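**Student:** Attaching a single structure in structure tokens format; questions to follow.
There are 2 protein chains.
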Amino acid sequence: MSTALHRPSTDGPTHRVRLVDVAQATGLDVSTVSRVLNEDPHQSVRAETRERVRTTARRLGYRPNALARALKQARTGAVAFVVPMVRNPIWSVVERGALDRAAQRGCDVLVVSEPPDRPRAAASYEPMVLESRVDGLLLATTRRPRVRSGAALTVPHVYLNRRGPHPGHDVVMDEEAAIALWLAEMARQDRRDLVLLDGPREVDTVHRRATAAGAASTASGPGRIHRVRVVHAEATEQGGWQATWRLLDAGRGRAPEGIGVGSLPQLTGVVAALRAAGVAVPAGTALVSFDDDAVLDYLGVPVASVAMPLAALGAAGVDALLDQVGGQPPRDVLLRTPMSLIGHQPARPPGRPTPAARIA
Amino acid sequence: MSTALHRPSTDGPTHRVRLVDVAQATGLDVSTVSRVLNEDPHQSVRAETRERVRTTARRLGYRPNALARALKQARTGAVAFVVPMVRNPIWSVVERGALDRAAQRGCDVLVVSEPPDRPRAAASYEPMVLESRVDGLLLATTRRPRVRSGAALTVPHVYLNRRGPHPGHDVVMDEEAAIALWLAEMARQDRRDLVLLDGPREVDTVHRRATAAGAASTASGPGRIHRVRVVHAEATEQGGWQATWRLLDAGRGRAPEGIGVGSLPQLTGVVAALRAAGVAVPAGTALVSFDDDAVLDYLGVPVASVAMPLAALGAAGVDALLDQVGGQPPRDVLLRTPMSLIGHQPARPPGRPTPAARIA
DNA sequence: CTGTTAGCGCTTTCAT
DNA sequence: ATGAAAGCGCTAACAG
Chain B
1101 MSTALHRPST
1111 DGPTHRVRLV
1121 DVAQATGLDV
1131 STVSRVLNED
1141 PHQSVRAETR
1151 ERVRTTARRL
1161 GYRPNALARA
1171 LKQARTGAVA
1181 FVVPMVRNPI
1191 WSVVERGALD
1201 RAAQRGCDVL
1211 VVSEPPDRPR
1221 AAASYEPMVL
1231 ESRVDGLLLA
1241 TTRRPRVRSG
1251 AALTVPHVYL
1261 NRRGPHPGHD
1271 VVMDEEAAIA
1281 LWLAEMARQD
1291 RRDLVLLDGP
1301 REVDTVHRRA
1311 TAAGAASTAS
1321 GPGRIHRVRV
1331 VHAEATEQGG
1341 WQATWRLLDA
1351 GRGRAPEGIG
1361 VGSLPQLTGV
1371 VAALRAAGVA
1381 VPAGTALVSF
1391 DDDAVLDYLG
1401 VPVASVAMPL
1411 AALGAAGVDA
1421 LLDQVGGQPP
1431 RDVLLRTPMS
1441 LIGHQPARPP
1451 GRPTPAARIA
Chain R
1101 MSTALHRPST
1111 DGPTHRVRLV
1121 DVAQATGLDV
1131 STVSRVLNED
1141 PHQSVRAETR
1151 ERVRTTARRL
1161 GYRPNALARA
1171 LKQARTGAVA
1181 FVVPMVRNPI
1191 WSVVERGALD
1201 RAAQRGCDVL
1211 VVSEPPDRPR
1221 AAASYEPMVL
1231 ESRVDGLLLA
1241 TTRRPRVRSG
1251 AALTVPHVYL
1261 NRRGPHPGHD
1271 VVMDEEAAIA
1281 LWLAEMARQD
1291 RRDLVLLDGP
1301 REVDTVHRRA
1311 TAAGAASTAS
1321 GPGRIHRVRV
1331 VHAEATEQGG
1341 WQATWRLLDA
1351 GRGRAPEGIG
1361 VGSLPQLTGV
1371 VAALRAAGVA
1381 VPAGTALVSF
1391 DDDAVLDYLG
1401 VPVASVAMPL
1411 AALGAAGVDA
1421 LLDQVGGQPP
1431 RDVLLRTPMS
1441 LIGHQPARPP
1451 GRPTPAARIA
């Protein structure tokens, strides 16, 4: 009794409230209650009844059992988003875009993180669908899906930010345009000895950027880039650090006039190495990051970045996947969102005159 | 026919394989098949039958329907891990620890990311359990659970790395010990003017570190720290940057002898500010991070870090939660894993003599 | 050792 | 406008 005093009238349910409980409380049949609560379009229910059901359900704190509903409807209303568990912050932006779009479309997203040291084949996630845990797969696996890796997946799926072994399931951004943007800016600055420093070739985005950069390198001519070397390294601070030193050694201390960097952790390593080697940025070497992030303002040197449409990528992936789940034939998606090069100046001490103000 | 030629004999199922399909194929009853496949301890099934079932199930590619099983057993075998969607990489380590332990205990983890700009109350995740999506909640919400925020959750749950409004549900690390470790080292180096630069007070870990630091500050005496100021700022690069400049302004250019930094993004901002201000690290100001990460080797200056038992935290959270789900009474957990202070020297150019080698 | 049966909570067709 | 009943795929108590 003393405890009861402290409890609200809508008491925490010892056993969960089921549809039948609502039916009982209102004196109606479960089917009627179900129709009301699901706002069945074919319904013809008296407004008074409808109100009574709604009120009672709310009072009892009724929550539909997702399991039973999914079992009956043969659809879970959820998709899995397989994402590499990396320190690179870009994925949280993609995830955010996917979550928001999925919420709009009344669907849950289960994020499945894949440890990079234990990469799994895309097919190993198929059981999640076969076991009715989710309706489809949004695949951004660490390991690049190999063309010859056997049969296509038999469940609804989309490869996000990478191309799968078979056409019709890829949602990707325009990496070639990103490379072109970088090269155009370098050409404008009359920088001709360039390096693309990126992750392992096995990553599909890297592969596409490297191919685009290589093609640009061979297509020399008036006003064209003369030389773009592609360097692969681990997508870590250490990878960027070591690769930069290798470049400096190979150039006998002469740094490339421009480096495009494929990932944020690598960029940290590159900046550290150039600073340690005494290379001026951007005077000696101009840096461009293919990821955009708040940290770019705090590297101590000016860098530019290509702002890729990451949130749109996540949203497009959800759209493509849910369309497949809904029975539409799969299709490839190339995001053509216009991109731009963003300059990042090192942050300035607050409350102090900026250089511009000083001049004025 | 031409397509059939290219398909393996274990064809992709147009309709999923159910238990009844396996039963039919073996000529047995579904209950028998179920017993075999679940390795029912009470089972007494002929070894030959058992083998036949297993073989057939594998051949047909049978996968149990998780929905039906969970519905019947009134248990999903999954827990939700609510984690702030932040750029701080520590959470991926916690997550990893949780995932591994959950896998050991035959349980799935659904990661639910909470956008920091849309913080939600812990109670808003209760429906996930009431709707039978998961069996329990591992809560690392952005917003600190307030003591007066109403009734306790009625479902199995654990607050991870923060304390909840009611005792018995907290799994936390020893933040006080971390602060003590830092202060002891500063005392050893005879540094007496110290600052703890940390996140917003609303974050429980911050609250506990700030309290511990404040207590140490008042307890002065022979060999004790004389002064520890606590400064709160956003847990971003910008937060660390701005707070550092405020400190420098307040000290008329004199930097604190030591700064303890609560989060990695803040540390980046602090290092950038000290570099811009020309403060020598560690000679003028010694930096200690309460997060450990690979990036610490690439900041260009020596820093130390307190290695917190993050993976163990995730594992302990899963243990505590699954015990609750299993019917045991909830309990608080304080991780007493011994911690140590780790020194990070800036990375050195590869293939060049280290200072030690140069001396030798 | 194996089969029969009931039922988890819900949706949906059909009947009234 | 509402109720009755079947059934989603599985497990577990009970029969044989």
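Just so you know, the sequences run in chain order B and R.
Under the working numbering, think of the first position of the first sequence as 1101, with each following residue one higher.
Under the working numbering, think of the first position of the second sequence as 1101, with each following residue one higher.
Think of the CB as a built atom: it goes at the ideal place given N, C-alpha and C, for glycine as much as any other residue.
Just so we're clear, the structure is a prediction, and the values are computed from it rather than from any experiment.
#1: Give the C-beta separation of glutamine 1395 of chain B and proline 1446 of chain B to the nearest angstrom, bearing in mind that I take them to be a contact with Cβ-Cβ under 8 Å.
#2: For chain B, is any of its Cβ atoms less than 7 Å away from the one on proline 1450 of chain R?
#3: Would you give the residue range spanned by the alpha helix (DSSP H) that arginine 1135 of chain R belongs to?
#4: Considering alanine 1284 of chain B, what are the terminal residues of the alpha helix (DSSP H) in which it resides?
#5: Is there at least one Cβ from chain R nearer than 7 Å to alanine 1223 of chain B's Cβ?
#6: CA-CA distance, valine 1186 of chain R and alanine 1415 of chain R?
#7: Ignore the nearest five residues each way along the sequence and tell me which others in proline 1216 of chain R's own chain have a CB closer than 7 Å to its CB.
#8: Of the choices B:Ala1380, B:Pro1429, B:Leu1435, whose alpha-carbon is the least far from that of valine 1255 of chain B?
#9: Count the CB pairs spanning the stretch 1140-1154 of chain R and the stretch 1213-1228 of chain B that are closer than 8 Å, and state whether there are at least three.
#10: Give me the Cβ distance between leucine 1297 of chain R and arginine 1309 of chain R, rounded to the nearest whole Å; I'm assuming they're in contact under 8 Å.
#11: So, does the stretch 1332-1349 of chain R touch the stretch 1267-1282 of chain R, judging by three or more C-beta pairs under 8 Å?
#12: For tyrosine 1398 of chain R, which residues from the same chain have a beta carbon less than 8 Å from its beta carbon, with the 5 sequence-adjacent residues on both sides left out?
#13: Report whether the distance from the Cβ of alanine 1222 of chain R to the nearest heavy atom of the ligand GDP is below 6 Å.
#14: Suppose you measure from the CA of glycine 1206 of chain R to the CA of aspartate 1129 of chain B; what does that come to, to the nearest Å?
#15: Buried or exposed, going by whether 16 or more other CB atoms sit within 10 Å of the CB of proline 1450 of chain B?
#16: Give the secondary structure of tyrosine 1398 of chain R by DSSP, where H, G and I count as helix, E and B as strand, and everything else as coil.
#17: Helix or strand or just coil, what does DSSP make of histidine 1444 of chain B?
#18: Could you give the distance in angstroms between the alpha-carbon of threonine 1369 of chain B and the alpha-carbon of alanine 1350 of chain R?
#19: Would you call arginine 1201 of chain R buried or exposed, if buried means 16 or more other Cβ atoms sit within 10 Å of its Cβ?
#20: Could you have a look at leucine 1355 of chain B and say whether DSSP puts it in helix, strand or coil?
#21: Name, please, each residue of chain R whose Cβ falls closer than 8 Å to the Cβ of glutamine 1342 of chain B.
#22: Buried or exposed: serine 1144 of chain B, going by 16 or more other Cβ atoms within 10 Å of its Cβ?
#23: Identify every run of the alpha helix (DSSP H) within the stretch 1376-1427 of chain B, keeping only runs that are complete inside it and at least 4 residues long; order them along the chain.
#24: Kindly say whether glutamate 1214 of chain R, judged by its beta-carbon, lies nearer than 7 Å to any beta-carbon of chain B.
#25: Would you call the stretch 1274-1290 of chain R and the stretch 1403-1411 of chain R touching, i.e. three or more CB-CB distances under 8 Å?
#26: Using 10 angstroms around the beta-carbon of glycine 1358 of chain B, count the other beta-carbons present and answer buried if the total reaches 16, otherwise exposed.
#27: Aspartate 1397 of chain R versus chain B: which residues are under 8 Å apart at the beta carbon?
#28: How would you call serine 1363 of chain B, buried or exposed, if buried means at least 16 neighbouring beta carbons within 10 angstroms?
#29: Please report whether the beta-carbon of arginine 1205 of chain R lies at a distance below 7 Å from any beta-carbon of chain B.
#30: Starting from the C-beta of valine 1328 of chain B, find all residues in its chain whose C-beta is less than 8 Å away, skip the five residues before and the five after it, and write them out in chain order.
#31: Count the other C-beta atoms from every protein chain shown that fall within 10 angstroms of the C-beta of glycine 1417 of chain R, then say buried if there are 16 or more, exposed otherwise.
#32: Work out the CA separation of arginine 1292 of chain R and leucine 1237 of chain R for me, nearest whole Å.
#33: Please compile the residues from chain B whose C-beta is within a distance smaller than 8 Å of the C-beta of glutamate 1334 of chain R.
#34: For serine 1363 of chain R, return the contacting residues in chain B, with the cut-off set at a CB-CB distance below 8 Å.
#35: Within the 7 Å Cβ cut-off, does threonine 1345 of chain R reach chain B?
#36: Name the chain R residues that come within less than 7 Å of asparagine 1165 of chain B, Cβ to Cβ?
**Tutor:** The short version:
#1: The question names glutamine, yet the displayed sequence has valine at residue 1395 of chain B. Incorrect: roughly 12 Å between the Cβ atoms, too far for contact.
#2: For proline 1450 of chain R, the answer is yes, since a Cβ of chain B falls inside 7 Å of its Cβ.
#3: 1130-1137
#4: First-last of the alpha helix (DSSP H) with alanine 1284 of chain B: 1275-1288.
#5: no
#6: Rounded to the nearest whole angstrom, the C-alpha separation of valine 1186 of chain R and alanine 1415 of chain R is 20 Å.
#7: Pro1184, Met1185, Val1186, Thr1242
#8: B:Pro1429
#9: no
#10: At roughly 11 Å, the Cβ-Cβ gap does not stay under 8 Å, so leucine 1297 of chain R and arginine 1309 of chain R are not in contact.
#11: Because the criterion of three Cβ pairs below 8 Å is not met, the stretch 1332-1349 of chain R and the stretch 1267-1282 of chain R do not touch.
#12: Pro1446, Ala1447
#13: Absence of the ligand GDP is noted for the structure shown, with no ligands found whatsoever.
#14: 39 Å
#15: exposed
#16: helix
#17: strand
#18: Per the sequence shown, the amino acid found at residue 1369 of chain B is glycine instead of threonine. Each residue's Cα considered, the two are about 33 Å apart.
#19: buried
#20: The sequence as given places alanine at residue 1355 of chain B; leucine does not occur at that position. DSSP places alanine 1355 of chain B in coil when its eight states are reduced to three.
#21: Those within 8 Å of glutamine 1342 of chain B in chain R are Pro1450.
#22: With fewer than 16 Cβ atoms within 10 Å of its Cβ, serine 1144 of chain B is classed as exposed.
#23: 1410-1425
#24: No, its Cβ sits nowhere closer than 7 Å to a Cβ of chain B.
#25: In short, these stretches touch, since the Cβ pair count reaches three.
#26: buried
#27: Glu1337, Gln1338
#28: buried
#29: no
#30: Leu1283, Leu1294, Val1295, Leu1296, Ala1313, Gly1314, Ala1316, Ser1317
#31: buried
#32: 43 Å
#33: Going along chain B, no residue has its Cβ under 8 Å from glutamate 1334 of chain R, so there is no contact; the nearest lies around 11 Å.
#34: Chain order gives no chain B residues near serine 1363 of chain R, where near means a beta carbon separation below 8 Å; the closest approach is about 13 Å.
#35: In the sequence on display, residue 1345 of chain R carries tryptophan and not threonine. Interface residue, yes.
#36: Glu1231, Ser1232
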